[in-house]
Amino acid sequence: MKKRLLLIVALLVLAALGYGIYLYTLKAPVVAEGETDFRMSTDELVSLYEQNEDSANRKLLYQFIEVRGAVTTVGQDSTGTSIQLSSSNPMSGVNCRFDASINEKLRRVKTGDTISVKGKCTGFLIDVNLTNCDILSN
Numbered sequence: 005m006k007k008r009l010l011l012i013v014a015l016l017v018l019a020a021l022g023y024g025i026y027l028y029t030l031k032a033p034v035v036a037e038g039e040t041d042f043r044m045s046t047d048e049l050v051s052l053y054e055q056n057e058d059s060a061n062r063k064l065l066y067q068f069i070e071v072r073g074a075v076t077t078v079g080q081d082s083t084g085t086s087i088q089l090s091s092s093n094p095m096s097g098v099n100c101r102f103d104a105s106i107n108e109k110l111r112r113v114k115t116g117d118t119i120s121v122k123g124k125c126t127g128f129l130i131d132v133n134l135t136n137c138d139i140l141s142n
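Residue numbers for the sequence shown follow this note's numbering, so the first one is 5 and each next one is one higher.
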């Protein structure tokens, strides 16, 4: 009886480990190939969140948004690169987070460039945050 229970527990642990490895190696969807749910400028996007964050979240959260704006900063850390797009509000902008797979496009982006970026909206802190971004044009 103990051997059977031990075997079942071992199988469950192996199954959980296999599923964990599967999720860890799962690639993020290619954003540029999917449909765009909304297109707007950085000013329009930031304004929607500043006027009513709850309403903007109901409309935009986890949607694919194409936004166009001027680059204010380009930063990099161990998990990827982020680009900050400016808005008419000096305290807020759009933070676009990129993974390492599009480094070639990111190398050409300079502060002051006006670019179009598509990403998944994950909400608003001080800035509107887009993840899994791709550069559509610059």
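C-beta atoms are modelled at their ideal positions from N, C-alpha and C, and glycine is treated no differently.
Worksheet item: Is the beta carbon of C100 sitting closer than 8 Å to the one on C125?
Response: Within the sequence shown, residue 100 is the residue found at index 96, counting from 1. Within the sequence shown, residue 125 is the residue found at index 121, counting from 1. No; because the gap between Cβ atoms is not below 8 Å, this pair is not in contact.
Fill in: Cut-off 6 Å between Cβ atoms - residues of its own chain near G79, not counting five sequence neighbours on either side
Numbered from 1 along the sequence shown, position 75 holds the residue referred to as residue 79. Correct list, in chain order: S86.
Worksheet item: Would the beta-carbon of G38 fall within 8 Å of that of F68?
Response: Translated into the one-based positions of the sequence shown, residue 38 becomes position 34. Translated into the one-based positions of the sequence shown, residue 68 becomes position 64. The answer is yes: Cβ separation under 8 Å.
Practice prompt. Look at the alpha carbon of G22 and the alpha carbon of N107, and state the distance between them as a whole number of angstroms.
Written response: Position 18 of the sequence shown, counted from the first residue, corresponds to residue 22. Position 103 of the sequence shown, counted from the first residue, corresponds to residue 107. G22 and N107 have their alpha carbons spaced roughly 30 Å apart.
Item to complete: State yes or no: is the C-beta of L121 within less than 8 Å of the C-beta of Y53?
Response: As a working mapping, residue 121 is identified with position 117 in the sequence shown. As a working mapping, residue 53 is identified with position 49 in the sequence shown. Sequence inspection shows Val at residue 121; the Leu mentioned does not correspond to that position. Cβ atoms of V121 and Y53: not closer than 8 Å.
Worksheet entry | Buried versus exposed, by CB contacts within 10 Å (16 or more), V72 | Against the sequence shown, residue 72 aligns to sequence position 68. Looking at the sequence shown, residue 72 is not Val but Arg. The residue is buried, with at least 16 neighbouring Cβ atoms inside 10 Å.
Worksheet item: Quick one: complete beta strand (DSSP E) runs, 3+ long, within the region 99 to 137?
Response: Those beta strand (DSSP E) runs which fall completely within the region 99 to 137 and span 3+ residues are 118 to 128.
Worksheet item: What residue from F128, K109 and L30 has the CA that sits closest to L140's CA?
Response: Here residue 140 corresponds to residue number 136 of the sequence shown, with the count starting at 1. Considering only alpha carbons, the answer is K109.
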